[in-house]
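Residue numbers (our numbering), protein chains in the order written: chain A, 1 to 458; chain B, 1001 to 1458. Note that CB positions come from ideal geometry on N, CA and C, so glycine has one too. These figures come from a predicted structure and were not determined experimentally. First comes the structure, then the notes that go with it.
Protein chains: 2
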Amino acid sequence: MDGQISAYLKTHAERFLGELKDWLRIPTVSADPAFHADVLRGAEFLRSHFETLGMTSRLVETPGNPVVVAEWMGAPGAPTALVYGHYDVQPPDPLDLWTTPAFEPTVRDGKLFARGATDDKGQVFTHVKSVEAWLKTVGRLPINVRFVVEGEEEVGSENLEDFLRRHREELACDIAVVSDTSQYAPGIPAITYGLRGIFACEVTVFGPRKDLHSGVFGGSVANPAFGLARMLAKLHDEAGRIQVPGFYDDVLPLTTEEREQFAGLPFDETAYLSELGASAAVGEAGYSTLERRWARPTCEVNGLFSGYTGVGTKTIVPARATAKITCRLVANQDPKKLVEALERFLRANLPTGLTMEFHTDHGAPAFLFHPDSPYIEAAGTAIERAFGARPVLIREGGSIPVVTTFRQVLGVDTLLLGWGQNTDNLHSPDEHFSVADFQRGIHASAELWECLASVPRS
Amino acid sequence: MDGQISAYLKTHAERFLGELKDWLRIPTVSADPAFHADVLRGAEFLRSHFETLGMTSRLVETPGNPVVVAEWMGAPGAPTALVYGHYDVQPPDPLDLWTTPAFEPTVRDGKLFARGATDDKGQVFTHVKSVEAWLKTVGRLPINVRFVVEGEEEVGSENLEDFLRRHREELACDIAVVSDTSQYAPGIPAITYGLRGIFACEVTVFGPRKDLHSGVFGGSVANPAFGLARMLAKLHDEAGRIQVPGFYDDVLPLTTEEREQFAGLPFDETAYLSELGASAAVGEAGYSTLERRWARPTCEVNGLFSGYTGVGTKTIVPARATAKITCRLVANQDPKKLVEALERFLRANLPTGLTMEFHTDHGAPAFLFHPDSPYIEAAGTAIERAFGARPVLIREGGSIPVVTTFRQVLGVDTLLLGWGQNTDNLHSPDEHFSVADFQRGIHASAELWECLASVPRS
Chain A
1 MDGQISAYLK
11 THAERFLGEL
21 KDWLRIPTVS
31 ADPAFHADVL
41 RGAEFLRSHF
51 ETLGMTSRLV
61 ETPGNPVVVA
71 EWMGAPGAPT
81 ALVYGHYDVQ
91 PPDPLDLWTT
101 PAFEPTVRDG
111 KLFARGATDD
121 KGQVFTHVKS
131 VEAWLKTVGR
141 LPINVRFVVE
151 GEEEVGSENL
161 EDFLRRHREE
171 LACDIAVVSD
181 TSQYAPGIPA
191 ITYGLRGIFA
201 CEVTVFGPRK
211 DLHSGVFGGS
221 VANPAFGLAR
231 MLAKLHDEAG
241 RIQVPGFYDD
251 VLPLTTEERE
261 QFAGLPFDET
271 AYLSELGASA
281 AVGEAGYSTL
291 ERRWARPTCE
301 VNGLFSGYTG
311 VGTKTIVPAR
321 ATAKITCRLV
331 ANQDPKKLVE
341 ALERFLRANL
351 PTGLTMEFHT
361 DHGAPAFLFH
371 PDSPYIEAAG
381 TAIERAFGAR
391 PVLIREGGSI
401 PVVTTFRQVL
411 GVDTLLLGWG
421 QNTDNLHSPD
431 EHFSVADFQR
441 GIHASAELWE
451 CLASVPRS
Chain B
1001 MDGQISAYLK
1011 THAERFLGEL
1021 KDWLRIPTVS
1031 ADPAFHADVL
1041 RGAEFLRSHF
1051 ETLGMTSRLV
1061 ETPGNPVVVA
1071 EWMGAPGAPT
1081 ALVYGHYDVQ
1091 PPDPLDLWTT
1101 PAFEPTVRDG
1111 KLFARGATDD
1121 KGQVFTHVKS
1131 VEAWLKTVGR
1141 LPINVRFVVE
1151 GEEEVGSENL
1161 EDFLRRHREE
1171 LACDIAVVSD
1181 TSQYAPGIPA
1191 ITYGLRGIFA
1201 CEVTVFGPRK
1211 DLHSGVFGGS
1221 VANPAFGLAR
1231 MLAKLHDEAG
1241 RIQVPGFYDD
1251 VLPLTTEERE
1261 QFAGLPFDET
1271 AYLSELGASA
1281 AVGEAGYSTL
1291 ERRWARPTCE
1301 VNGLFSGYTG
1311 VGTKTIVPAR
1321 ATAKITCRLV
1331 ANQDPKKLVE
1341 ALERFLRANL
1351 PTGLTMEFHT
1361 DHGAPAFLFH
1371 PDSPYIEAAG
1381 TAIERAFGAR
1391 PVLIREGGSI
1401 PVVTTFRQVL
1411 GVDTLLLGWG
1421 QNTDNLHSPD
1431 EHFSVADFQR
1441 GIHASAELWE
1451 CLASVPRS
């Protein structure tokens, strides 16, 4: 990367921080309609900021909050990266737990405290400033860059998929870049190359038509709460393996290299369990805690209810019992196929005298970026140059729906490059972003454009 | 029984019905404070009625509604019977489902419709009128009779036990008589000689300190909802036998005679299941539906809750899961011993990584009157004379707490002699009592005093 870019980043570092503070002062809380005018102001702040850099930029209306779209397309034939982020923030409550007010950005001990500092304004802004550094020094970027910065991520991104579908041609790109995750730990930057998929469902087991007196009738009819318990108890064997036939058939197993990688990461299991208040590491036999969280499918009961749930005793045989279930999936498991397999399994294990209903909720496949992909390689090099350490390749156990949407709508994979830390208090009081991580993020982003330019277009 | 008594019952039958109607017009709804003055009026109605018969009678104050106490103790050396009943009634709601208003007693098709017609004013009144018949003809009763008619049965009889303890000497008796149950079926009068006992408890299984994100953490910590399901699933084997060690050790088995008796009762299992909306008769292998309900212990989940129970999906590993459990007991099982055995069993089956808390609620032993008892024999004879059929000996699956209290406080057994029918709409709109059953009940009660007089005092 041109030496004048590095110099520009150093020279303008204070101003960059000041501009981010200006943006953070606008309370773009999407969950609370009282902040609606601020949300619009926050979007306009970013749109006009893009224009000052010499990019084309506009607000695209949606049924909810507008999406800020910007682009610099001056590198014909070169790849196009699409940076996704969000300008809306979580509500600041509880206000009294903030050391300094949520919307008065303050630097203490090298950290910038404010709602949105890391989630996601601060992280988005690293890419904005890296583009500025290229344009204001070299006068051009080595690749084409588009930005899609939405205002409803904290309230479920309800209008994003429709927006992407309606604008898919204008948003054509080769790779998506999202900085809304974290480094593995301080001093250990990371690229998240895998996310688990999910399917959600609900099973209700029906017994008698209505709750029955457990004295008069108990013992003579099937109890749906017991029936459901028996069905759920069969879902795992003693080794924690899911017993639904075919559940593991399509699982892409971890490679030896991946397992070695994960095993090499610093991970204090005792501290982890103590933090969660869990008395033991429990899960599928033969896998480490990180593997269980990142790379193995799961089946969890998220909720359970039947009969009387108030104080004291009500002597009934309940009429029904319900379990809410989600399964986390890994590559290459098919949510649709597996939710059907789960339903079949539950029906096959339904005790005599009971009936059941099964409802399927949302589902999404897992995301796995091959660790040897040239995009991962390019991002790794960029991060190493900025952070002084080769990033570790990690996965995450949750889902990031937009990654699936990018694959489905735009046909591209996503680089998940997090500059923050797990401990930055996302969604909590005293959210913050290390100023050094902010600056390294800008640097890494500036390197990224160059590294991505050399990836052959598929 | 003296012929003049039968004649008196016939002559005054219309007046008896009219007096009962007068009492039923007073809406003695104990659940609703708006009816408090009526409750007191209803108590006073009965108290003064006893006085007109030449009995001593008074209202005994409690922290709740007063108890009507009356007695005729003019048979020194003869046994003393204590008639228990209640003058309070269920709320009449939903009002619009009554054919005629709940507190405007109306006879249609030989049935007296009113709230409290059978539960329990009508049934209590049979004993009041039989005493009248003896006193107004023979001038004395063959035994001593006490009445305890409370006003809080429909709201849990909270003050009854304390009342009985405070007045135990004044209430000394040889046998208690309660008419608050039903005949087995029309034309099949019954004596209920057994009730099941009960213990209630609640088990909560704890996993992580708080609900965890099922993506980030799921698969690496024990899920308490699954843990609880596994524990509950172990409570019964495939044959429906409770697996708690020692659970059946003290069970007094049904005799061959009892099993033959029950098997000889008309019972339409298909109609029974259809009425309940249950698709199959399910329970402990080797027992009939009546045996399962009346004479076998059970273990039921009454309520179950864990994690998210609202609409849709919440992707969590819940922090805890709770089951409310009641076990029905039979003679000679000890509630205290068995609730401890259940706790031990659950703890022994608690999966790794979870903790549990166990809370014990109320418990009461079963009640079993030996079918060959001279009291049963005496009551059987009285009923046969009045109803023209020997009563069948049945049990009931529920508990009637006052029966246990009489045993514990007064040291006496209870004759459960129900004059009504299961189909009399107790607690429902259009509650009614067959006028013929009312009259046969008075007759049976009048015979009962004579039959009980010949039972040797223990």
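In this structure, the straight-line span from the alpha carbon of A/His359 to that of A/Gly156 is close to 22 Å. Between B/Ala1229 and A/Ala229, the C-beta gap is smaller than 9 Å, which places the two residues in contact. Taking a contact as a CB-CB distance under 8 Å, the pair A/Gly312 and B/Asp1002 does not count as one, their CB atoms being some 51 Å apart.
By the Cβ neighbour-count rule, B/Glu1238 is exposed, with fewer than 16 other Cβ atoms within 10 Å of its own.
A/Pro335 and A/Leu350 have their alpha carbons spaced roughly 22 Å apart.
Against chain A, the beta carbon of B/Arg1209 has neighbours under 9 Å at Glu275, Leu276, Gly277 and Ala278, listed in chain order. The segment 1174–1185 of chain B makes no contact with the segment 1106–1117 of chain B; the number of CB pairs closer than 8 Å stays below 3.
If one requires a minimum length of 3 residues, the beta strand (DSSP E) runs lying completely within the segment 1298–1370 of chain B are 1298–1307, 1320–1329 and 1355–1364, in chain order.
Assigned with DSSP and collapsed to three states, B/Leu1410 falls in helix.
Under the three-state reduction of DSSP, A/Phe217 is assigned to coil, being neither helix nor strand. Taking a Cβ-Cβ threshold of 9 Å, the residues of chain A close to B/Pro1318 are Glu300, Val301, Asn302, Gly303 and Leu304, in chain order. Spatial neighbours of B/Trp1023 in its own chain (CB-CB distance under 6 Å, excluding positions within 5 residues in sequence) are listed in chain order as Phe1045 and Lys1121. Neighbours of A/Tyr308 in chain B, taken as residues whose beta carbon is under 7 Å from its own, are Asn1302, Gly1303 and Lys1324 in chain order. Short of 7 Å from the beta carbon of A/Lys129, and not among the five residues preceding or following it, lie these beta carbons of its own chain, in chain order: Phe16 and Ile442.
Taking the Cβ atoms as the reference, A/Ala43 lies roughly 16 Å from A/Val83, outside the contact range of under 8 Å. Non-local C-beta neighbours of B/Lys1337 in its own chain, meaning closer than 7 Å and more than five positions away in sequence, are absent. Looking at the DSSP output, A/Tyr287 shares a beta bridge with no other residue. Here the segment 192–200 of chain A lies against the segment 363–379 of chain A, with 3 or more beta-carbon pairs under 8 Å apart.
For the segment 213–234 of chain A, the residues whose beta carbon sits under 7 Å from a beta carbon of chain B are, in order, His213, Ser214, Gly215, Val216, Phe217, Gly218, Gly219, Ser220, Val221, Ala222, Asn223, Ala225, Phe226, Ala229, Arg230, Leu232 and Ala233. Inter-segment contact for the segment 1315–1331 of chain B and the segment 1291–1298 of chain B is present: three or more beta-carbon pairs are separated by less than 8 Å. Taking 9 Å as the cut-off, the beta carbon of B/Leu1020 is found no closer than this to the beta carbon of B/Ala1176.
The C-beta of B/Gly1283 comes closer than 9 Å to at least one C-beta of chain A. Residue contact check for A/Lys314 against chain B: a CB pair falls below 9 Å. The segment 1242–1256 of chain B makes no contact with the segment 417–437 of chain A, as fewer than three CB pairs between them are under 8 Å.
Counting only runs that start and end inside the segment 1123–1180 of chain B, the alpha helix (DSSP H) elements of at least 4 residues fall at 1160–1166. At least one C-beta of chain A is nearer than 9 Å to the C-beta of B/Ile1198. Put simply, the backbone Cα of A/Pro27 is about 39 Å away from that of A/Thr270.
Going by DSSP, A/Ala190 is part of no alpha helix (DSSP H) but of the beta strand (DSSP E) stretching over Ala190 to Leu195. In chain order, Glu1447 place their CB closer than 6 Å to the CB of B/Arg1385, counting only its own chain and leaving out the 5 sequence neighbours on each side. Cβ neighbours of A/Arg140 within its own chain (closer than 6 Å, five residues either side excluded): Gly74. A contact is defined here as three or more CB-CB pairs under 8 Å, and the segment 398–414 of chain A fails this definition with respect to the segment 217–227 of chain A. Contact annotation for B/Gly1398 against chain A: His213, Gly215 and Val216 [CB-CB distance below 7 Å, chain order].
Across the structure, B/Phe1406 and B/Phe1438 are spaced so that their CA atoms are roughly 26 Å apart.
Among the residues of the segment 427–456 of chain A, none has a Cβ less than 8 Å away from any Cβ of chain B. Nearest neighbour of B/Gln1421 by Cα position, chosen from B/Val1409, B/Ser1434, B/Gly1411 and B/Glu1169, turns out to be B/Ser1434. Counting C-beta atoms within 10 angstroms of its own C-beta, B/Ala1081 has 16 or more neighbours from the protein chains shown and is therefore classed as buried.
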